[in-house]
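Residue numbers (the numbering used here): 10 to 172. For glycine and all other residues, C-beta sits at the position ideal for the given N, C-alpha and C. Below is one structure, written out as structure tokens; comments come after it.
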């Protein structure tokens, strides 16, 4: 029971936090008013006005979105990456205690992270003013993969020092 509380519970708490965040409508997470009141958006416009690309079928540029929404886009994508970085790390950390094979631990951690990312995007599809994007699953997957790789590196180093 102690092992579960130490290694398994953080995984489920983090998943719960992700579920809660994706249950909120966009309006509750809208960063644009905060960004507009705390940043000089003219500077942002001057620095980044030449950047333009498409993401999930939408143009991402200051011209198309405005400076605050443009910044919010990058903050949200960084949050996707970080959230799944931590989830991947925590899943690897938990499974490392129960699975003896590094490759199996790695693959199981990555598959579980991907499946949770997919389920999170599906869940967002049922949340008002939120929309699921396969591109977000890709960002989540990359974040999770890097978190898992860092966990693998750390736990391999710890085992090497014990021997």
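Handout entry: Pairwise C-alpha distance: residue 149 and residue 155
Key = Translated into the one-based positions of the chain shown, residue 155 becomes position 146. Translated into the one-based positions of the chain shown, residue 149 becomes position 140. Looking at the two C-alpha atoms, the distance is approximately 10 angstroms.
Problem - Segment limits, alpha helix (DSSP H) that includes residue 101 - result: Against the chain shown, residue 101 aligns to sequence position 92. Taken as a continuous stretch (DSSP letters only), the alpha helix (DSSP H) holding residue 101 covers 76-105.
Handout entry: Straight-line Cα distance separating residue 159 from residue 19
Key = As a position in the chain shown, residue 19 is number 10, starting the count at 1. As a position in the chain shown, residue 159 is number 150, starting the count at 1. C-alpha separation (whole angstroms): 17 angstroms.
Problem - Euclidean distance between Cα positions of residue 115 and residue 11 - result: Residue mapping note: residue 115 aligns to position 106 of the chain shown, counting from 1. Residue mapping note: residue 11 aligns to position 2 of the chain shown, counting from 1. Approximately 23 angstroms, taken between the alpha carbons.
Practice task
Could you have a look at residue 63 and say whether DSSP puts it in helix, strand or coil?
Solution key: To locate residue 63, count along the chain shown from 1; it is residue 54. In the structure shown, residue 63 sits in a strand (DSSP, three-state: E or B).
Problem - Coil, strand or helix - residue 58 by DSSP - result: Looking up residue 58 in the chain shown gives position 49. Residue 58: coil per DSSP, three-state reduction.
Exercise for the section: Output the boundary residues of the alpha helix (DSSP H) element that contains residue 21. Expected result: Start at 1 with the first residue of the chain shown, and residue 21 comes out as number 12. Membership of residue 21 in the alpha helix (DSSP H) is indicated by the continuous run 18-32.
Exercise for the section: Please name the residue, chosen from 105, 153, 90 and 17, that lies closest to residue 165 on a Cα-to-Cα basis. Expected result: Locating residue 165 in the chain shown gives position 156, counting from the first residue. If we check each option's Cα against that of residue 165, 105 comes out closest.
Handout entry: Rounded Cβ spacing between residue 136 and residue 31 (contact assumed at less than 8 angstroms)
Key = For the purposes of this step, residue 136 is taken as residue 127 along the chain shown, with counting starting at 1. For the purposes of this step, residue 31 is taken as residue 22 along the chain shown, with counting starting at 1. In this structure, residue 136 and residue 31 form a Cβ contact; the two beta carbons are roughly 6 angstroms apart against a cut-off of 8 angstroms.
Problem - The alpha helix (DSSP H) enclosing residue 125, as first and last residue numbers - result: What you label residue 125 is simply residue 116 of the chain shown in a count that begins at 1. Residue 125 -> alpha helix (DSSP H) spans 111-133.
Handout entry: Backbone secondary structure at residue 70 - three-state DSSP
Key = Here residue 70 refers to the residue found at position 61 of the chain shown. If DSSP states are grouped into helix, strand and coil, residue 70 belongs with the strands.
Practice task
Give a yes or no on contact between the segment 50-65 and the segment 89-107, applying the rule of three or more CB pairs nearer than 8 angstroms.
Solution key: The segment 50-65 is not in contact with the segment 89-107.
Practice task
Counting only the same chain and skipping the five closest in sequence on each side, list residues whose C-beta sits under 7 angstroms from that of residue 117.
Solution key: Position 108 of the chain shown, counted from the first residue, corresponds to residue 117. If you ignore the 5 residues before and after residue 117, its C-beta comes within less than 7 angstroms of the C-beta of 104 and 108, all in its own chain and listed in chain order.
Practice task
Could you round the C-beta distance between residue 71 and residue 40 to whole angstroms and report it? I think they count as a contact, below 8 angstroms.
Solution key: In the chain shown, counting from the first residue as 1, residue 71 sits at position 62. In the chain shown, counting from the first residue as 1, residue 40 sits at position 31. About 16 angstroms separates the two Cβ atoms, so there is no contact after all.
Exercise for the section: Return the chain-ordered list of same chain residues with a C-beta closer than 7 angstroms to the C-beta of residue 130, the five sequence neighbours on each side being excluded. Expected result: Counting from one through the chain shown, the residue named residue 130 turns up at place 121. Excluding positions up to five away in sequence, the list reads 141, 142, 145 and 146.
Exercise for the section: Determine the contact status of residue 101 and residue 44, defining contact as a CB-CB distance below 8 angstroms. Expected result: Here residue 101 refers to the residue found at position 92 of the chain shown. Here residue 44 refers to the residue found at position 35 of the chain shown. Cβ atoms of residue 101 and residue 44: not closer than 8 angstroms.
Handout entry: Collapsed DSSP secondary structure at residue 137 in the structure displayed
Key = Taking the chain shown and counting its residues from 1, the one referred to as residue 137 is at position 128. If DSSP states are grouped into helix, strand and coil, residue 137 belongs with coil.
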